[in-house]
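Some notes on the structure that comes next.
There are 2 protein chains.
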Amino acid sequence: MSLTVVGTVGVDSIYTASGSAENVLGGSVSYFALAASYFTHVNVVSIIGTDLDANALAQLRRTNIDTSGITPVQGSTFRWGGRYHEDMNHRETLYTELGTLAEFQPVVPEKFRDCDVLFLANLTPLVQFSVLKQTKARLRALDTMNFWIESARQDLVEVMRLVDIVIIAEDELRQFAGAQNLRSAARAVFDLGPNILVVKMGSYGSALLTAAGDYFTTAAFPIAEAIDPTGAGDSFAGGFLGYVAEQLETTGEIQLKTFKQALLYGSCLGAFACEGFGLSRFESISKTDIADRYRNLQEITHIQ
Amino acid sequence: MSLTVVGTVGVDSIYTASGSAENVLGGSVSYFALAASYFTHVNVVSIIGTDLDANALAQLRRTNIDTSGITPVQGSTFRWGGRYHEDMNHRETLYTELGTLAEFQPVVPEKFRDCDVLFLANLTPLVQFSVLKQTKARLRALDTMNFWIESARQDLVEVMRLVDIVIIAEDELRQFAGAQNLRSAARAVFDLGPNILVVKMGSYGSALLTAAGDYFTTAAFPIAEAIDPTGAGDSFAGGFLGYVAEQLETTGEIQLKTFKQALLYGSCLGAFACEGFGLSRFESISKTDIADRYRNLQEITHIQ
Numbered sequence: 001m002s003l004t005v006v007g008t009v010g011v012d013s014i015y016t017a018s019g020s021a022e023n024v025l026g027g028s029v030s031y032f033a034l035a036a037s038y039f040t041h042v043n044v045v046s047i048i049g050t051d052l053d054a055n056a057l058a059q060l061r062r063t064n065i066d067t068s069g070i071t072p073v074q075g076s077t078f079r080w081g082g083r084y085h086e087d088m089n090h091r092e093t094l095y096t097e098l099g100t101l102a103e104f105q106p107v108v109p110e111k112f113r114d115c116d117v118l119f120l121a122n123l124t125p126l127v128q129f130s131v132l133k134q135t136k137a138r139l140r141a142l143d144t145m146n147f148w149i150e151s152a153r154q155d156l157v158e159v160m161r162l163v164d165i166v167i168i169a170e171d172e173l174r175q176f177a178g179a180q181n182l183r184s185a186a187r188a189v190f191d192l193g194p195n196i197l198v199v200k201m202g203s204y205g206s207a208l209l210t211a212a213g214d215y216f217t218t219a220a221f222p223i224a225e226a227i228d229p230t231g232a233g234d235s236f237a238g239g240f241l242g243y244v245a246e247q248l249e250t251t252g253e254i255q256l257k258t259f260k261q262a263l264l265y266g267s268c269l270g271a272f273a274c275e276g277f278g279l280s281r282f283e284s285i286s287k288t289d290i291a292d293r294y295r296n297l298q299e300i301t302h303i304q
Numbered sequence: 305m306s307l308t309v310v311g312t313v314g315v316d317s318i319y320t321a322s323g324s325a326e327n328v329l330g331g332s333v334s335y336f337a338l339a340a341s342y343f344t345h346v347n348v349v350s351i352i353g354t355d356l357d358a359n360a361l362a363q364l365r366r367t368n369i370d371t372s373g374i375t376p377v378q379g380s381t382f383r384w385g386g387r388y389h390e391d392m393n394h395r396e397t398l399y400t401e402l403g404t405l406a407e408f409q410p411v412v413p414e415k416f417r418d419c420d421v422l423f424l425a426n427l428t429p430l431v432q433f434s435v436l437k438q439t440k441a442r443l444r445a446l447d448t449m450n451f452w453i454e455s456a457r458q459d460l461v462e463v464m465r466l467v468d469i470v471i472i473a474e475d476e477l478r479q480f481a482g483a484q485n486l487r488s489a490a491r492a493v494f495d496l497g498p499n500i501l502v503v504k505m506g507s508y509g510s511a512l513l514t515a516a517g518d519y520f521t522t523a524a525f526p527i528a529e530a531i532d533p534t535g536a537g538d539s540f541a542g543g544f545l546g547y548v549a550e551q552l553e554t555t556g557e558i559q560l561k562t563f564k565q566a567l568l569y570g571s572c573l574g575a576f577a578c579e580g581f582g583l584s585r586f587e588s589i590s591k592t593d594i595a596d597r598y599r600n601l602q603e604i605t606h607i608q
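As they're listed, the protein sequences go chains A and B.
Taken in order, the first sequence gives residues 1 to 304; the numbers are from this note's numbering.
Taken in order, the second sequence gives residues 305 to 608; the numbers are from this note's numbering.
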């Protein structure tokens, strides 16, 4: 059971106002798995190239993370370089080298197929579709990006029809829906079938909307200094779905309140990710740090 | 006692994705006074031209608003035209005609000088300074804008030294402080003397910071449709300071919790302002509507 995630593992070079980190481990599933691993067991499905040595995935080797579904294939690992503007909510991509990711046709290991929660990180919708067909999850969630909205819209629509939860950046939701207002834009998603929408707003926090009309929103946790926002969205998703999976495992059901709490956990994990280059911040945080931050986030958003 | 505000009354022409409104009453004190009037008595100090007829201020004539400090002077009333982009957080100014505002040297009526709260709406810092010298308020607050930060920075600094509360848009705070991070930017304000900073983030809500290190944040109330964001910031300030003044009058003191609640009221009033062109939405809302919205805002941001 537990949480299965499919997405990219990559090698990133990152330049921000605080400095730079070159050729560090990244990719959506790396951030997602580390964030979610504080709550539940995470099964990772991805692809890398034979250019990575045996130690390259060391940061992901934790008790709660099963990396056996990360398949090495002849060729280069996905590589990405990006430079952030000073306000950190905007960045420019310096290069994207797909490498072996271009041939990624995931075969989900048998032991990962039956899970509480499945997360389809940002990937071509056809790959997301293939993974959905191979798995049986109680809750299915996906992320996507502007590139797929523009180039593979109909495929994306077909995948959206099959998931319960869409986790998406605010501007990409607006682009997908062709509507500025969040509630109006949300209807374009709910009309396809999902009943939970999570909207990521970078340093402005996130919102949860349901097909039943519920609305909940929380701030981003205000960190002292944003070092590197890479992976904040995937770490947010990991905190959100990790907590949801944990609750599903322990209580057997998910209520609206669980999703609200999960939004706060997402905010906490997204903020931690920004406090160091690449995945580095995850080396020093404990479950207690997360609990402290969650309580702190409640204090700064709730009138007692 | 109660609340005295000094700022502009103007005639606006507004173009948004929802339509347009030409030559309607506007200006910072109009929005501010209407929003604050639900909580306390508001004394308005401003200037208009003799081009406005006797009925032009009809929308401001409410039991709780004293407009006797709005002085008509030979010439034209301040006029502003603006067009909003589709996302409503950005606009372009089509024209600004200062008219009599260029000669505004306010003489605060004797009966307005002793007040619980003074709000210096966005004006040239020298005029704000002159008003501060004429009044005796328990709490003094100011707003400002990029134009004064660029063209009259030293004057603005001198005025900031004399107030307790700075209410400012996020990008303008960053510009003033030369720092991206909100907490770092806040220090540039606190170092001058104010101990409360309220940061307006448009449709992303607002944050309250104190010199003692407290931090609190709330979402903007998510309205079904934004018709016209003109005056949202001043209506926010009116809801915020109106509630603070009401609490000062009734309890004699202000605690941190009062400011947090005031932030939510500010958010509610700012959202109402966006639901109609110009000041029109204030014609149909009651104190009960505000209480409902406040409760609603708590529901969507607090985990019960």
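Just so it is clear, CB atoms sit at the ideal spot from N, CA and C, and this is done for glycine as well.
Computed from a predicted structure; not experimentally measured.
For the options B:A528, B:L307 and B:R597, the alpha carbon positioned closest to that of F343 of chain B is the one of B:L307. Taking A511 of chain B as the centre and dropping the five residues before and after it, the same chain places the C-beta of V503 and T521 closer than 6 angstroms to its C-beta, in chain order.
Apart from sequence neighbours up to five positions away, the residues of its chain that approach M464 of chain B with a beta-carbon distance below 8 angstroms are L446, V470, V493, L496, G497 and P498, ordered along the chain. Runs of alpha helix (DSSP H) with 4 or more residues, each lying fully within the region 11-92 of chain A, are found at 28-36, listed in chain order.
Annotation: the continuous beta strand (DSSP E) that includes F520 of chain B extends over Y519 to T522. Bounds of the beta strand (DSSP E) holding F423 of chain B are D418 to L424. Here the region 364-373 of chain B lies against the region 330-341 of chain B, with 3 or more beta-carbon pairs under 8 angstroms apart.
When secondary structure is reduced to three states using DSSP, R161 of chain A falls in the coil class, being assigned neither helix nor strand. The C-alpha of A549 of chain B is placed about 10 angstroms away from the C-alpha of G542 of chain B. By the criterion of at least three beta-carbon pairs nearer than 8 angstroms, the region 413-421 of chain B is not in contact with the region 383-393 of chain B. Contact check for D116 of chain A and L248 of chain A: beta-carbon distance about 5 angstroms, within the 8 angstroms limit, so the pair qualifies.
For chain B, the residues of the region 262-283 of chain A that bring a beta carbon within less than 8 angstroms of one of its beta carbons are L264, in chain order. L209 of chain A and Q479 of chain B have their C-alpha atoms roughly 34 angstroms apart. Taking a Cβ-Cβ threshold of 8 angstroms, the residues of chain A close to K561 of chain B are I303 and Q304, in chain order. When DSSP states are grouped into helix, strand and coil, E97 of chain A belongs to the strand group. For L192 of chain A, the three-state secondary structure derived from DSSP is coil.
Cβ atoms of Y215 of chain A and I604 of chain B come within 8 angstroms of each other, at about 5 angstroms. Those residues of the region 359-392 of chain B placed with their C-beta closer than 9 angstroms to a C-beta in chain A are E390, D391 and M392, ordered along the chain.
The continuous stretches of beta strand (DSSP E) do not include T288 of chain A, which lies in the alpha helix (DSSP H) extending over residues K287 to T301. Spanning the alpha carbons of N359 of chain B and S350 of chain B requires a straight line of approximately 16 angstroms.
When Cβ-Cβ separations below 7 angstroms define contact, Q484 of chain B makes contact with chain A. C-alpha of L466 of chain B to C-alpha of R457 of chain B: approximately 15 angstroms in a straight line. For a Cβ distance threshold of 8 angstroms, nothing in chain B lies close to K200 of chain A: the least Cβ distance comes to about 13 angstroms.
Residue-level contact check: Y15 of chain A does not touch chain B, since none of the beta carbons of chain B fall below 7 angstroms from its beta carbon. The three-state secondary structure of L552 of chain B, taken from DSSP, is helix. Interface annotation, A523 of chain B: in contact with chain A, CB-CB separation under 7 angstroms. Contact with chain B is found for F216 of chain A, since one of that chain's Cβ atoms lies less than 7 angstroms from the residue's Cβ. The beta carbon of V377 of chain B sits closer than 8 angstroms to those of I351, I352, G353, T354, T404 and E407, all from its chain and outside the five residues before and after it, given in chain order.
Closer than 7 angstroms to the CB of I196 of chain A there is not a single CB belonging to chain B. Contacts with chain B (Cβ-Cβ distance below 8 angstroms) from the region 18-42 of chain A involve no residue at all. Burial check for G574 of chain B: the Cβ neighbour count within 10 Å reaches 16 or more, so the residue is buried. For S284 of chain A, the secondary structure class from DSSP, reduced to helix, strand or coil, is coil. With distances taken between CA atoms, I14 of chain A lies nearest to A:G81 out of A:A179, A:G81 and A:A121. The criterion of a C-beta distance shorter than 7 angstroms is not satisfied by I149 of chain A and S18 of chain A.
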